[in-house]
Structures are given as C-alpha cells and as structure tokens.
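Everything below concerns the one structure shown next.
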Amino acid sequence: MRLGLLYFQGKGGGSGSTIGPLGLSYLSAILKRDLHFKDEDIVLEVDDPERLLRHGPDIIGMTSFTETFEHVMRHARWLKRMAPEIPIIVGGEHISAAPESLPEEVDIGVIGEGEITLRELMELYLNKQATPENLEKVQGIVFWHEGKRVQTPPRPWMMELDELPKPDRALIHRPDQLWQQPLFTARGCPYQCTYCASTRFWQRTRYHSIPRIIEEIEDIVRDYPQQTLIAINDDLFPLNRKRLRTVVEAIRAKGLHRKVGFTLNTRANVFDTEIVELIAAMNGQIIGFGFESASDKILKQLKGKTTAREALRALQLCERYGIAVVGSYMVGSPDETWEDLARTWWFIRNNRDRIWKLSVLISTPYPGTEFWHEAQERKLVDENFQRWNALDLSLEPGETVYLNQHIDARSFVPVYEHFRHFQSQPENDRQAFTDMHIKRAYYQYLYGRIKAQVGVASVLLLSAQNLGTWDHFEEEQLDFLPVADGTTDLESLGETRYERIVLLHALEKLRDPVTCLQTLRNKHLAEGGEIIAISYNVRHLSVLYHLLRGSWQLTPFSVQEQGACRFFSPQGLKSLLESQELVVHESEFLRFGQASFKPFQEQVLPLLESLGLPPSEEQEAFSLWLRACPQNAPRVENPFQTVSRELNIGQHGIHEAVLAIPHSH
1 MRLGLLYFQG
11 KGGGSGSTIG
21 PLGLSYLSAI
31 LKRDLHFKDE
41 DIVLEVDDPE
51 RLLRHGPDII
61 GMTSFTETFE
71 HVMRHARWLK
81 RMAPEIPIIV
91 GGEHISAAPE
101 SLPEEVDIGV
111 IGEGEITLRE
121 LMELYLNKQA
131 TPENLEKVQG
141 IVFWHEGKRV
151 QTPPRPWMME
161 LDELPKPDRA
171 LIHRPDQLWQ
181 QPLFTARGCP
191 YQCTYCASTR
201 FWQRTRYHSI
211 PRIIEEIEDI
221 VRDYPQQTLI
231 AINDDLFPLN
241 RKRLRTVVEA
251 IRAKGLHRKV
261 GFTLNTRANV
271 FDTEIVELIA
281 AMNGQIIGFG
291 FESASDKILK
301 QLKGKTTARE
311 ALRALQLCER
321 YGIAVVGSYM
331 VGSPDETWED
341 LARTWWFIRN
351 NRDRIWKLSV
361 LISTPYPGTE
371 FWHEAQERKL
381 VDENFQRWNA
391 LDLSLEPGET
401 VYLNQHIDAR
411 SFVPVYEHFR
421 HFQSQPENDR
431 QAFTDMHIKR
441 AYYQYLYGRI
451 KAQVGVASVL
461 LLSAQNLGTW
471 DHFEEEQLDF
481 LPVADGTTDL
491 ESLGETRYER
501 IVLLHALEKL
511 RDPVTCLQTL
521 RNKHLAEGGE
531 IIAISYNVRH
541 LSVLYHLLRG
551 SWQLTPFSVQ
561 EQGACRFFSP
571 QGLKSLLESQ
581 ELVVHESEFL
591 RFGQASFKPF
601 QEQVLPLLES
611 LGLPPSEEQE
621 AFSLWLRACP
631 QNAPRVENPF
641 QTVSRELNIG
651 QHGIHEAVLA
661 IPHSH
C-alpha cells in the first residue's frame, strides 16, 4: 500500500520557507516502524496534486492549517473527480480545532496528535476493514457516514514522547525545497494566548528525554553536514529552567555547540540573564519572540503575564549576547485604541535596530481560539464560514475578518501600512545575518587573543556584548561586566582587583570613559596588572565613506554609531589612556581582508587623493588594540611597537596574518 502526502505551503511558502514539515516525518516513521512501510511506500509532494497522483497512491493524506484550508478543499475536490476511489485523510491544526469544517470531499479528519491515529487507520485500510463500524472505534477522528459527520471520542495525549520513533528526516530532505531539518524537544505550551491555535492543538507540555534530544541533534549534524542551524520548533523551549540547563550541559559535553547553531522560541516574561547565557552557551543564534504589542493593556488581554518593559529587557539581553531576534507584532486586536497603536509604533521605531527580522500581522480569529469565539459572538463568522483564505494574517478591507472595535477597517489600512514599513526584506535579512556571523567570529578571535595573552590571570571584561566568553575562560577566571545605556556598574565589583582588565568596545559606549578608567586603574587593577583597550577606529575608510554619503550602513566593516557615545582614532585612544597615567606599550591595527570592503576602498581612495590626503595604514584599520599599564609599573621589556594584522574570515573562524611590524619608536 502506498501513502501519498500532499503538503501546502501557502503564501509564506516557496523559497522563503526553510523549515521542513517535521510532523509528516513523524507520521512516516511510525508507519515504517509499526506497519513495515518501505521508503517507496510513502511519497511527499508539495502544492502539486497532479504529480502526487502519478505516484499511484492508495491513500492520500493532507495537512491543514487554517490559512491553507481552502487549498485543501479545492484540491480534495479535484482529487475526488480524478480518482474517486482513493480515500483522503486530512490532519493538522485546522481540522483539529474545527472538525465541523470537514468537507464532503475529504473522507476522514484526524483530530489532535496524528501518529497513533494514522497508524490505526492505515492498519484498517491494509486489512480492508475501514468500515464505519470500525472507524467509530478509532479515537480522535471525524468522518462522513450516510451524509453526516461522525466524530469519535478524543484520543488521549501521548505523555511519553520517547515512545515515538525518531522522525523520518529523509522524507523532507528534498532537492526541490530549501527545507532545513528542525527539532522538537517538547510538545505543548502552558500559556493560553487568546489568538494562538497551536497551544490548543498540542495542549499540555510534554518532553523528550535529554538522551533522545542529543541523539537527534547528532543525527542532523552527521547526516546533513551542510546545515549550520537547527530550528528547535518547541512553542517555548526555555520553559523549564532546570531542564534547559541540563540540555545545554549535554550539548556542550558532546561538543555539538561547536558544530551547529540553534534557533528557538520563547516569551519575554520568562527571559532573563541566566536564560540568555544558557542559550548563548549552546550556540543559540536566533530567538523568536511574539512581542505582539507595546501596550501593557493589550498584552494583558493577549498574553497575560507579559509587559512592554520585559520585551525591552529581552531585546537588550539579546543585543548584549549577540543573538539575532525574530520579533512579531499583532495589531488590530478587539480593544486596541489609537493610543495603544502609538505605543507599539514608537516601541518598534526606537528598537528596530535590535530586531533582526520583524513582522507585523493583523489580529486574526483562528478556530478554537478566544478570538474565534468572540468573532462568533459578534456575528463576524458563523457555522457556515468557509472563507479560510481571509484568515491569513493580512489586512484586506471587505475580506479580512476585522476584529478591532475602535477604528474602522478602512481607516486602519494606512495605519497598517505604516507598521508594515518596519518589516524586514529577505535580502537585507540575509546580509544582516551574515554580518552577525562575521561579528561573532571577530569577537571569538579577540577572546582567543586575550586568553593567549593573559594566561591564568584573573580577568575583568567590560563590553556591551558577550559573544561566548565561556568557550575561552573558566567561570572563576573571568568576570563579565556589561556596558548598557552609556554606563556600567563598577560598584558591584566591590574591592576586587584583577591582573587584566579588558575594555572590549566599551570606552566608545560609555558616557564618561574618563571616570570609568580612573576607577578601574585606582581600585580594580592589581599591582603589575595591565589594561587592554579594544575600540573601533574612527579613521577607518568606511566612516569617511558613510559621512560623504550622508547615511550610515551598518556592517561589520564599519564603525556602528548605534549605541555609541563617541569614537576614537588611534591617537585619541592612546591619549585617553595616557591621561589616566597609563603607559601604552603595544598598539595593533586590526584590518579585515574581506572582499566586501573593496567597493568602499575603490570609491574613497580617489577622493582622498583628490584632497591631497594620501591613504595611510590607520585608515585601513577596522579596530584598534592597545595594551597599557600604570606609569609606576615595572618597565616593560619591549619598547612601544605597532603591529598590523589582517583578519580573514574562513569556514572555521578568523585567521590572521601579521602584515607589518614597523620599527620601534
């Protein structure tokens, strides 16, 4: 017997859809394990029922999300015309939430988790026993009998997820799709957001064991070595703090954090410094947040225990730890006013640079949600509603089921368009993520250099970002002090003194770097200790390029003005250190040898020459590295020297080349 699976991607599909439908892989795996299906017995096609029929399936299965359910109905009608003898089974979130919407062209709808249910159904079809009497004994389905829908009792939720076989990942490894292999470590979410259909589909939270999680990660790393990121598709991955800590320890113990990165979803109200450090330690690179609104009133109605202040804290933490944020907002909820919208608009406006990929969606009533029940009470939908395409999270007056009670739909259209201007563009997203990888590699290079120079010394690191210090330093060896909002909490250090104090892109972020340096030198630098200052170079050619253009382009090859209070030239940074009676005994220029900067050079160098300013080595330096010690410290063995290093980013990080060591002076 051959099962043909038909998957619909909808508006968000095509080349932009990169996460494979792992639910289908679970279905395939259980049929192969329990009913001895072979690879050729299960075929998958995407948005192409004609091609599916050419495989000669005996049973057809389709997934159902609300926004694609009209596709399901249309293709089911076509399939029944072309092959009326083939039974059609539909599963997924939509039919689970609205079994009463099962169209006549579909024979059976699977409600809730489908693995065990599909196995029982396929067993009936294999034995030619799929009679109405036997179907009534299968829990968790709805089917047609004598012109009426028959719904059976619900199937209990599977509590031991490890009893499921590992998903059949080969099913979704397709040359015609850009699907990445995702991972479920749990199912379910304890929160009951008023707009969310997913939590009602999965119900209470259940977990895979840690060994099972590690085994699946190892499978992906081994079988799909080209995949650099694994999407953890849990609704709320860091929900259980103790479990998260155990997962991270297991990932690091196997060295998997060095082989692959992770993306995951969480909520702002459960996100704090401990959580972000754990996520960063497992090489978490992207976190998805459903921010929804910046009005606490609306957030309380939508999500319960979440505030705009918590959203801001989450963004600041992700920025500090170099984790990209995917943020979604929802406008047009029933009680949202102009004031609520203004709060959200300004929050996004003020924090747009902290959100890598942003989407703004229209509040939409999905079946099974509180929004749906409200829409029913207000007669916006009825029991015969079938315009499922209208529930695709976009706004089309006269088509969209519009929920807001304070602003009419036509007046809301220009407001919605203003919000949509904030949304990301795919080409910009790709470049921004590449830039983040470069910046992460740059910081990892710096940590390695610092570690090599300080040895076993006690280290204080001041920085606006912490991009993985734990991969280089033991916990007891290094104290990390964040720089945020132009300041840092030096009082928290007490009387502790350090053999090395590292100012990693910190001085340009401080409102008062002089007082900070003074305090560090006098109170926290141990006798014989040393300060290492690393700063962006304001004389870098890209700075001049952007000034001449009248606009900034944020790339890892340019000084980024976001969050900076000032910039330093080599002499300016040296003078600042010397003003605090610190002797600079080593200076390095760090250059990027990447081709990405070549267009800048080609445009700026002729301008410099026309102004009679020949290019200098300083202008090619992306950042500066200065080592200094107090004037009363023992004389440094080596006289002052300047070293120029070119950094080249490869597959395994940054490689350096010492370009020149000018004579001592």
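Under UniProt numbering, the first residue of the sequence shown is numbered 1, with each subsequent residue one higher. For every residue, glycine included, the Cβ atom is placed at its ideal position computed from N, Cα and C.
- For residue 223, the uninterrupted alpha helix (DSSP H) run begins and ends at 210-223, by DSSP.
- For residue 357, the enclosing beta strand (DSSP E) has its first and last residue at 357-362.
- For residue 499, the three-state secondary structure derived from DSSP is strand.
- Annotation: the continuous alpha helix (DSSP H) that includes residue 34 extends over 22-34.
- The Cβ atoms of residue 325 and residue 419 do not sit closer than 7 Å to each other.
- The beta carbon of residue 57 sits closer than 8 Å to those of 2, 3, 4, 43 and 86, all from its chain and outside the five residues before and after it, given in chain order.
- In this structure, residue 182 places its C-beta atom within 7 Å of the C-beta atom of residue 22.
- In this structure, the straight-line span from the alpha carbon of residue 568 to that of residue 505 is close to 11 Å.
- Boundaries around residue 629 are those of the beta strand (DSSP E), 623-630, since no alpha helix (DSSP H) includes it.
- It is roughly 13 Å from the alpha-carbon of residue 473 to the alpha-carbon of residue 500.
- Just measuring C-alpha positions, the residue of 111, 81 and 74 sitting nearest residue 90 is 111.
- In the structure shown, residue 105 falls within a coil segment according to DSSP collapsed to helix, strand and coil.
- Bounds of the alpha helix (DSSP H) holding residue 416 are 409-420.
- A contact between stretches requires three or more CB pairs, one per stretch, nearer than 8 Å, and the segment 136-144 fails this requirement with the segment 165-180.
- Residue 351 carries a helical assignment under DSSP once its states are collapsed to helix, strand and coil.
- Going by beta carbons, residue 281 and residue 247 fall outside the 7 Å limit.
- Look at residue 179 here: in three-state DSSP terms it is coil, with no helix or strand label.
- Three or more beta-carbon pairs drawn from the segment 258-277 and the segment 287-303 are found closer than 8 Å, and the two stretches are therefore classed as touching.
- Residue burial annotation: residue 265 is buried, with at least 16 other C-beta atoms found within 10 angstroms of its C-beta.
- For the pair residue 585 and residue 627, the CB atoms are nearer than the 7 Å cut-off.
- Beta-bridge partners of residue 329 (DSSP): 292 and 360.
- Apart from sequence neighbours up to five positions away, the residues of its chain that approach residue 106 with a beta-carbon distance below 7 Å are 76, 88 and 90, ordered along the chain.
- Boundaries of the beta strand (DSSP E) around residue 261: 261-266.
- With fewer than 16 neighbouring CB atoms inside 10 Å of its own CB, residue 496 falls in the exposed class.
- Fully enclosed beta strand (DSSP E) runs of no fewer than 3 residues occupy 88-91, 108-110, 141-145 and 148-151 of the segment 77-161, in order along the chain.
- Ranked by Cα distance from residue 235, the first of 522, 187, 254 and 259 is 187.
- Under the Cβ criterion (8 Å, minimum of three pairs), the segment 125-136 does not count as touching the segment 93-100.
- Secondary structure note for residue 7: its beta strand (DSSP E) is the uninterrupted segment 3-7.
- The beta-bridge partner set that DSSP reports for residue 45 consists of 6.
- Residue burial is scored here from C-beta neighbours: residue 449 has at least 16 other C-beta atoms within 10 angstroms and is therefore classed as buried.
- In this structure, the CA atom of residue 194 is about 39 Å from the CA atom of residue 51.
- Bridge partners of residue 63 according to DSSP: 91.
- Leaving aside the five residues that flank residue 114 on each side, the residues in its chain whose CB is nearer than 7 Å to its CB run, in chain order, 27 and 91.
- Under the DSSP assignment, residue 592 falls in the beta strand (DSSP E) whose first and last residues are 582-592.
- Under the Cβ criterion (8 Å, minimum of three pairs), the segment 144-156 does not count as touching the segment 56-72.
- Here DSSP, grouped into helix, strand and coil, assigns residue 323 to coil.
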